[in-house]
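Here the structure is laid out as structure tokens; the discussion comes afterwards.
Protein chains: 2
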Amino acid sequence: MKITCQKAELAKGVNIVSKAVPTRTTMAILECILIDASTNEIKLTANDMEIGIETIIEGTIEERGIIALDARFFSDIVRKLPDNEVTIETDATFKTTITCEKANFTIVGKSGEDFAYIPIIPRNEPILLSQFTLKEVIRQTIFSIADNENNKLMTGELFEIEGNHLKVVSLDGHRISIRNIELKESYENKKVVVPGKSLIEVSKIIPGSTEEMVNLFITDNHIIFEFDNTTVVSRLIEGEYFKIDQMLSTDYETKFKINKRELLDCIDRATLMVKEGDKKPIIMDITDGNMELKINSVAGSMKEDIEIGKEGKDILIGFNPKFFIDALRVIDEEEVSIYMVNPKAPCFIKDDEDKYIYLILPVNFNTATN
Amino acid sequence: MKITCQKAELAKGVNIVSKAVPTRTTMAILECILIDASTNEIKLTANDMEIGIETIIEGTIEERGIIALDARFFSDIVRKLPDNEVTIETDATFKTTITCEKANFTIVGKSGEDFAYIPIIPRNEPILLSQFTLKEVIRQTIFSIADNENNKLMTGELFEIEGNHLKVVSLDGHRISIRNIELKESYENKKVVVPGKSLIEVSKIIPGSTEEMVNLFITDNHIIFEFDNTTVVSRLIEGEYFKIDQMLSTDYETKFKINKRELLDCIDRATLMVKEGDKKPIIMDITDGNMELKINSVAGSMKEDIEIGKEGKDILIGFNPKFFIDALRVIDEEEVSIYMVNPKAPCFIKDDEDKYIYLILPVNFNTATN
Chain A
4 MKITCQKAEL
14 AKGVNIVSKA
24 VPTRTTMAIL
34 ECILIDASTN
44 EIKLTANDME
54 IGIETIIEGT
64 IEERGIIALD
74 ARFFSDIVRK
84 LPDNEVTIET
94 DATFKTTITC
104 EKANFTIVGK
114 SGEDFAYIPI
124 IPRNEPILLS
134 QFTLKEVIRQ
144 TIFSIADNEN
154 NKLMTGELFE
164 IEGNHLKVVS
174 LDGHRISIRN
184 IELKESYENK
194 KVVVPGKSLI
204 EVSKIIPGST
214 EEMVNLFITD
224 NHIIFEFDNT
234 TVVSRLIEGE
244 YFKIDQMLST
254 DYETKFKINK
264 RELLDCIDRA
274 TLMVKEGDKK
284 PIIMDITDGN
294 MELKINSVAG
304 SMKEDIEIGK
314 EGKDILIGFN
324 PKFFIDALRV
334 IDEEEVSIYM
344 VNPKAPCFIK
354 DDEDKYIYLI
364 LPVNFNTATN
Chain B
4 MKITCQKAEL
14 AKGVNIVSKA
24 VPTRTTMAIL
34 ECILIDASTN
44 EIKLTANDME
54 IGIETIIEGT
64 IEERGIIALD
74 ARFFSDIVRK
84 LPDNEVTIET
94 DATFKTTITC
104 EKANFTIVGK
114 SGEDFAYIPI
124 IPRNEPILLS
134 QFTLKEVIRQ
144 TIFSIADNEN
154 NKLMTGELFE
164 IEGNHLKVVS
174 LDGHRISIRN
184 IELKESYENK
194 KVVVPGKSLI
204 EVSKIIPGST
214 EEMVNLFITD
224 NHIIFEFDNT
234 TVVSRLIEGE
244 YFKIDQMLST
254 DYETKFKINK
264 RELLDCIDRA
274 TLMVKEGDKK
284 PIIMDITDGN
294 MELKINSVAG
304 SMKEDIEIGK
314 EGKDILIGFN
324 PKFFIDALRV
334 IDEEEVSIYM
344 VNPKAPCFIK
354 DDEDKYIYLI
364 LPVNFNTATN
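Those protein sequences? They're chains A and B, same order as listed.
Residue numbering for the first sequence follows this note's numbering, beginning at 4 and increasing consecutively.
Residue numbering for the second sequence follows this note's numbering, beginning at 4 and increasing consecutively.
Structure representation (structure tokens):
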């Protein structure tokens, strides 16, 4: 194999596919990036068997061939090359020479034959979404997936399509994040659970332009993200996702509007009082026109008042501050509406159009000491 | 005690003195920042017994007093306060209330009585140096102090004053860094060894302006850095520093000029071939007009040619790449001159005026395999 391409183009491609290189694996070949120049295009591929990424880079094929190169080592070399044309040449023993200006690296690659190619999946009609929308919706929900594998379904996100409507849901047993997106066109109904890890990697490599689109293909076992010159194939998580509709009651006893930035900063300050491992709740004392936010811990105490616009009953309720911070951080609106029922029922942060719903369970606290 | 000051001013002061808070200590009081408002000024102090820092901040003293507050906790709180006026008030039980806008923190401080104040040292005539010069000279030499305590003197830097000349030296047994600085005035001769750790902290907190000065005071056991509203007192390292003059022979067999950036980038690329713990040298093959730089390791090999302007003999010599990278990174000149004697004698990177001299010992390598 002999190919030439620009360093920037090669570095971009390597950076994209590197996201699918497993950090730990018993299959040494998976630690490689495959350069496939056996046809008319130069394709880079990496695959950790759950997520596979391939991307086509611009360049010239002088001699067709395939080579697998250690991903970490190869990407370190590419990154440090001068910003000029790079030549990659291999011989029959997989010895690979990488040349750029006067720099000349020789490393030993592997035959591409054992490489686990990305499965070829028959594609139906694509679902169209802007890169920006997909990247945003992942950011706005990914924080509330569960980080342990006790319940596999909780480590993924529900992608549900109904007509021209996409709903994305994540939950971890203490909170639920829901985002509703209107699509330009209508599609066949689908309901799948996508691994959170795959979504994290996808959101890292999507440029996120509002103009450029992502083509989504959903099959029984896979989801495919196609954008620019890149294809990401991820397995789906099997099983039926949680029925969340019954948790989303619309009744409330207390409703208030509050400045998002003020509330976020205030909770952020309150968390200073919580040392690691210590599970002190923040207490919200909500009365007409005012919320007193307070926290007591071994380290000391903190309290602060915030002006609110309240309807309904007064309430004294406690929360894990992190859950509030996570949700507030991904809401763009300046003012948010918060709905509460009682100190043991979940609270909702949501907008009037249900574009977003963040449900957070309160925690018990001893009123005597707070 | 009751004081008020602006958040930015308080945060700046806390950030400065925090550099002298020990990370590990058996004396809990040293983990504190002392706020001393017992006179007409608000002074913050921290002291780890080797380095002590005090800084005066602007503010109003409403009630005189002293309090010691846990440094980490206090600085976290200060950093997260709104950008406005802060009030710090203590009561007889050292309970401390920090108020800013509507935020209100209560933490428990300690009596300032047990605090290890910075020693009061009689000051002689100050040595004047611009903040920029001091910050630069530390950066340009600090990397070659030894990082273990086997030889205490190697963990510090020599500050030698002769007339209007300041020489700063560091060495670790494999290399020597020397910087010579011309002072505006002449001073009494002095020769002291300053702990590297103190210099690192000083260089972090000096703003580094070319206009503003640092007053240096040197006594038998201490060095004092005075700048802006801050005083840093560091112990000196006892003992006689190494005699380096006899190592600085001016004879050479090979001299060449080389573009600094090209050499640095090339060595940087070569280090890709060196995995951690592997002590592979880079080999420089210096002939008329050309240096071939190469490295061979288990991972593969790399070679690159760089144009040079050479006088004297050809030479084949090996180095630890890190030592070259460290020295080249702190040289501002676009072109450097390198002097060599033979493959076992130290090489020198230096300018014509001896403003800087970097001496690097070569390493043995097996010519057969390289």
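All residues carry an ideal CB built from backbone N, CA and C; glycine is no exception.
TODO: Check whether the Cβ of B/Met287 lies closer than 8 angstroms to any Cβ atom in chain A.
DONE: no
Open item on the list: Let me check one thing: in DSSP terms, what residues is A/Lys46 bridge-paired to?
Closed with: A/Asp39, A/Ile59
Task: Of the listed residues A/Lys246, A/Glu229, A/Val171, nearest to A/Asn183 (C-alpha basis) - done: With distances taken between Cα atoms, A/Asn183 lies closest to A/Val171.
Task: Beta carbon of A/Gly159 nearer than 8 angstroms to that of A/Val111 - done: No. Outside cutoff.
TODO: Tell me whether the beta-carbon of B/Glu337 lies closer than 8 angstroms to the beta-carbon of B/Asn262.
DONE: yes
- [ ] Taking only the alpha-carbon atoms, compute the straight-line gap between A/Glu165 and A/Ile130 and give it to the nearest angstrom.
- [x] 12 angstroms
- [ ] Could you pull out every residue in the same chain whose Cβ sits closer than 8 angstroms to the Cβ of B/Ala68, ignoring the five residues on either side in sequence?
- [x] This sequence places Gly at residue 68 of chain B; Ala is not what is there. The answer, listed in chain order, is Met4, Lys5, Ala40, Ser41, Thr93.
Task: B/Ser21: first and last residue of the uninterrupted alpha helix (DSSP H) it sits in - done: 10–21
TODO: Name the residue from B/Phe368, B/Ile360, B/Asp51, B/Glu295 whose alpha carbon lies nearest to the alpha carbon of B/Ser147.
DONE: Of all alpha-carbon atoms in B/Phe368, B/Ile360, B/Asp51, B/Glu295, the one lying nearest the alpha-carbon of B/Ser147 is that of B/Ile360.
Open item on the list: Against chain A, with Cβ distances strictly below 8 angstroms, would B/Thr109 count as a contact?
Closed with: yes
Task: Runs of beta strand (DSSP E) wholly within the segment 88–118 of chain A (minimum 3 residues, chain order) - done: 88–93, 98–103, 106–111
Open item on the list: Measuring straight from C-alpha to C-alpha, what distance separates B/Ile341 and B/Lys313?
Closed with: Rounded to the nearest angstrom, the two C-alpha atoms are 9 angstroms apart.
Open item on the list: Measuring straight from C-alpha to C-alpha, what distance separates B/Ala371 and B/Pro346?
Closed with: Residue placement at B/Ala371 cannot be trusted, given a pLDDT of 45 that sits under 50; what the coordinates show is reported in the next sentence. Distance between the alpha carbons of B/Ala371 and B/Pro346: 15 angstroms.
TODO: Please classify A/Asp329: does DSSP put it in a helix, a strand, or coil?
DONE: helix
Open item on the list: For a test of the three-state rule: what should DSSP assign to B/Thr28, helix, strand or coil?
Closed with: Here DSSP, grouped into helix, strand and coil, assigns B/Thr28 to coil.
TODO: Go through the segment 196–241 of chain A residue by residue and report every complete run of the beta strand (DSSP E) that reaches 3 residues or more, in order.
DONE: 216–221, 225–230, 233–238
TODO: Can you tell me which of the three DSSP states A/Lys316 falls into?
DONE: Here A/Lys316 sits in coil by DSSP.
Task: Contact with chain B by A/Thr372, beta-carbon distance below 8 angstroms - done: Confidence at A/Thr372 is low in this model, with a pLDDT of 49, below 50, so its placement is unreliable and the value that follows should be read with caution. False, the Cβ-Cβ gap to chain B never drops below 8 angstroms.
- [ ] Please report how far the alpha carbon of B/Ile124 lies from the alpha carbon of B/Ile141, in whole angstroms.
- [x] 24 angstroms
TODO: Mind listing the chain A neighbours of B/Glu307? Cutoff is C-beta to C-beta under 7 angstroms, in chain order.
DONE: Lys105, Ala106, Asn107
- [ ] State the beta-bridge partners of B/His168 as determined by DSSP.
- [x] For B/His168, which the question treats as bridged, DSSP gives the partners B/Glu165, B/Glu185.
Task: Contact between the segment 318–328 of chain B and the segment 283–298 of chain B (3+ Cβ pairs under 8 angstroms) - done: yes
- [ ] Take A/Gly132 and list the residues in its own chain whose beta-carbon comes closer than 8 angstroms to its own, dropping the five residues that flank it on each side.
- [x] The amino acid at residue 132 of chain A is misidentified as Gly; the sequence shows Leu. Taken in chain order, the residues that qualify are Leu169, Ile184, Leu186, Met216, Val217, Leu219.
Task: Contact set between B/Phe97 and chain A, taken where Cβ atoms lie within less than 7 angstroms - done: Ordered by position in chain A, no residue passes the 7 angstroms Cβ test against B/Phe97, which lies about 12 angstroms from the chain.
Task: B/Val339, enclosing beta strand (DSSP E) - first and last residue - done: 338–343
TODO: Answer with yes or no whether the minimum CB distance from B/Leu266 to chain A is below 8 angstroms.
DONE: It does not; no Cβ of chain A falls within 8 angstroms.
Open item on the list: Taking the beta strand (DSSP E) that A/Lys353 belongs to, which residues open and close that run?
Closed with: Unbroken beta strand (DSSP E) run through A/Lys353: 350–353.
Task: For B/Ala78, the three-state DSSP class (helix, strand or coil) - done: The sequence shown places Ser at residue 78 of chain B, not Ala. Reduced to three states, the DSSP call for B/Ser78 is helix.
Task: Closer than 7 angstroms at the beta carbon, the chain B residues around A/Ile80 - done: Leu275
Open item on the list: For chain A, check one thing: does any of its Cβ atoms lie closer than 8 angstroms to the Cβ of B/Ala14?
Closed with: Not an interface residue.
TODO: Under 8 angstroms Cβ to Cβ from B/Gly303, same chain only, skipping five residues before and after it: list those, please.
DONE: Met276
- [ ] Compute the Euclidean distance between the alpha carbons of A/Phe108 and A/Lys98, then round it to the nearest angstrom.
- [x] 10 angstroms
- [ ] Note down, in chain order, every chain A residue with its Cβ under 7 angstroms from the Cβ of B/Ser189.
- [x] Those do not exist, as B/Ser189 stays about 47 angstroms from chain A at its closest Cβ, beyond 7 angstroms.
Task: DSSP bridge partner residues for A/Asn153 (one or two, in chain order) - done: Secondary-structure assignment with DSSP links A/Asn153 through no beta bridge to anything.
Task: Contacts of B/Ala302 in chain A (Cβ-Cβ under 8 angstroms) - done: Within 8 angstroms Cβ-Cβ: Phe76, Ile110.
Open item on the list: Tell me which residue opens and which closes the beta strand (DSSP E) that B/Ile124 is part of.
Closed with: Neither: B/Ile124 is in no beta strand (DSSP E) and is coded neither H nor E.
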